[in-house]
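For the sequence shown, this note's numbering assigns the number 49 to the initial residue and increments by one for each residue that follows.
Below: one structure, written as structure tokens.
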Amino acid sequence: MRKFCKILLMLFISTACFSQNKKSPFQNVDDKILKLPAYNSDNLDSLAILLTKEFSTEKEKVRAIFVWVANNVSYNVPKYAERNRMMNVILKKADDGESAVNVIRSRKAVCEGYSNLIKALCNKSGIACETIQGIGRPDQKPADLHGWNAVKIDGEWKLLDATWASGGINLAKNKFENRFDDTFFLTNPLLFIKTHYPFDPVWQLSPHPITRKAFESSLQKTSSPQDSTYFNFNDTLNFYFQQDSISQLISSNRRTLAFDPENNFAEQNLDNLINYSENEKMNKATKIFQEGVNQYNECTEIINEAKRTRSTKKMNASETRLKQLVKDSKSNMDKAIELYKSVKFTDNTNAYILESNIDNGKKNIVQLDTLNKYLENYYNTPKMLRVSAL
């Protein structure tokens, strides 16, 4: 379900696209990080402490992590080429080689690995950070799959891209050249959207997000209140983080399709996620229903044993238990049927199974009503005559 990404042919081809002469407001942080000795471990906890221990603010800590990653991880050019050839395959499966730990070990990554490492180090430093998948387009070049990060600093979400900060591919040499550039560090969202389009529009961090079509248009302009309705992305994000992981993915893919109706992967993901979520709901209903069946079976076992032996002793002693079993069984079956009815599958096979479960539930309810009438008749019969009521 995750989308994996390749870097664009980068910010630096033969010359730098952005000036490096301006003095950074983070010069003190940058100097300290660049003077650190080589880190030869794959322990992410230790690295997070090493990078942030001298800084007190969240912004400084994020800057430290950003600078270290951009200067210590090289872009994996061969993998980039491989992903170009196998794009339809890699989009459908996770790549363990791009995990934060593996990136630390190899010091090579594509954009997925850069963003995974940034997220891991921020999280271990107590800073909320998310990996963002989407498409990127530097310098008006064709849009391509890409990944970056959103980080929460002092209660406000910000955007950054460590991949593009690290350097670029020299096409003549087919080689990565490290050249740090902080253009995409905590960039204003109105500027960031000019080159980065997140599949989930909430990560545009804009009250007026644009569509993918607008992003890819050569006439792209920054969205304004006249272009679209107001979108409260902060409220959406607050609700998003209160959801369980599956609900998060469902809501994210729905937003994706709303702003990019031709996104086939999001459409497939949404169908799969909905079916998964509804299947979980159906499993929950089935578990409740099975509990009701077990209670029904326990009740009938006592009755059938009494019938077989023509003995009223256990029946008489089990009156309270039998009545409670019938009551609880019906309650569970009613709950299960209502839950079944709330399930909405997008595929016919599961929908058929669901309908069968509902029909079986209704039949069992009829059997329970019959059983309950039997017990009422039995216990309303005088004890001396109950053998005949078995």
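Backbone N, C-alpha and C define an ideal beta-carbon position, used for all residues, glycine too.
For clarity, every value in this text was computed on a predicted model and none was experimentally measured.
**OP:** Below 6 angstroms CB to CB, which residues in the same chain sit around L318 once its five sequence neighbours on both sides are set aside?
**Re:** So the list reads N301, once near-sequence residues are dropped.
Subject >> Burial state of S214, where buried means 16 or more other Cβ atoms lie within 10 Å >> reply: Buried, since its Cβ has 16 or more Cβ neighbours within 10 Å.
Subject >> Sheet register partners of A198 (DSSP bridge) >> reply: Answer is E178 and L207, bridged to A198.
Subject >> Nearest candidate by alpha-carbon position, reference S377, set A262, D417 and T100 >> reply: Answer by Cα proximity: D417.
**OP:** Find the nearest neighbour of F103 within the set G174, L92 and Y87, judged by alpha-carbon distance.
**Re:** Selected option, being the one with the closest Cα: G174.
Subject >> Proximity winner among R111, K355 and L387, relative to D230 (alpha-carbon distances) >> reply: Per the Cα distances, R111.
Subject >> Contact belief for T235 with L207 at Cβ below 8 angstroms, rounded distance in angstroms >> reply: Between T235 and L207 a beta carbon distance of about 6 angstroms is seen, short of the 8 angstroms cut, so the two are scored as contacting.
Original post:
Which residues bound the beta strand (DSSP E) around K223?
Top reply: K223: member of the beta strand (DSSP E) spanning K223 to N226, first to last residue.
Subject >> Distance, I350 Cα to T304 Cα >> reply: Answer to the nearest angstrom: the Cα atoms are 57 angstroms apart.
Original post:
Counting along the chain, where does the beta strand (DSSP E) carrying Y245 start and finish?
Top reply: Per DSSP, Y245 belongs to the beta strand (DSSP E) from H244 to P246.
Original post:
Going by C-alpha distance, which of L402, V374 and A86 is nearest M330?
Top reply: Comparing Cα-Cα distances from M330 to each of L402, V374 and A86, the minimum goes to L402.
Original post:
Just curious, the alpha helix (DSSP H) that N280 is in, first and last residue?
Top reply: First-last for N280: undefined, no H or E at that position.
Subject >> Residues bridged to N218 [DSSP beta-bridge criterion] >> reply: The partner list for N218 (beta bridge, DSSP) reads K223.
Subject >> Cβ shell of F240 (< 6 angstroms), same chain only, five flanking positions each side left out >> reply: The answer, listed in chain order, is L207.
Subject >> Burial state of V435, where buried means 16 or more other Cβ atoms lie within 10 Å >> reply: Exposed: under 16 other Cβ atoms inside 10 Å.
**OP:** Within the same chain, show all residues whose beta-carbon is closer than 6 angstroms to that of P257, passing over the 5 residues directly before and after it, in chain order.
**Re:** P249 and F279, listed in sequence order.
Subject >> Endpoints, the alpha helix (DSSP H) within which M381 is located >> reply: Per DSSP, M381 is one residue of the alpha helix (DSSP H) stretching across E367 to S390.
Subject >> Buried versus exposed call for A210 [16 or more other C-beta atoms within 10 Å across all chains shown] >> reply: Around the CB of A210, 16 or more other CB atoms lie within 10 Å, so the residue is classed as buried.
Subject >> Cβ contact check for the stretch 120-127 and the stretch 215-223: 3 or more pairs under 8 angstroms >> reply: Enough Cβ pairs lie closer than 8 angstroms, so yes.
**OP:** Let me know the secondary structure DSSP gives T193 once reduced to three states.
**Re:** The question names Thr, but residue 193 is Leu in the sequence shown. If DSSP states are grouped into helix, strand and coil, L193 belongs with the strands.
Subject >> Identity of the residue in L321, W205, T348 and E328 nearest S390 by Cα >> reply: Measuring from the Cα of S390, the nearest candidate turns out to be E328.
**OP:** Put K107 into one of helix, strand or coil per three-state DSSP.
**Re:** Helix at K107.
Subject >> Minimum C-alpha distance to C170 - residue among L92, K355, N352 and S265 >> reply: Comparing Cα positions, the closest option is L92.
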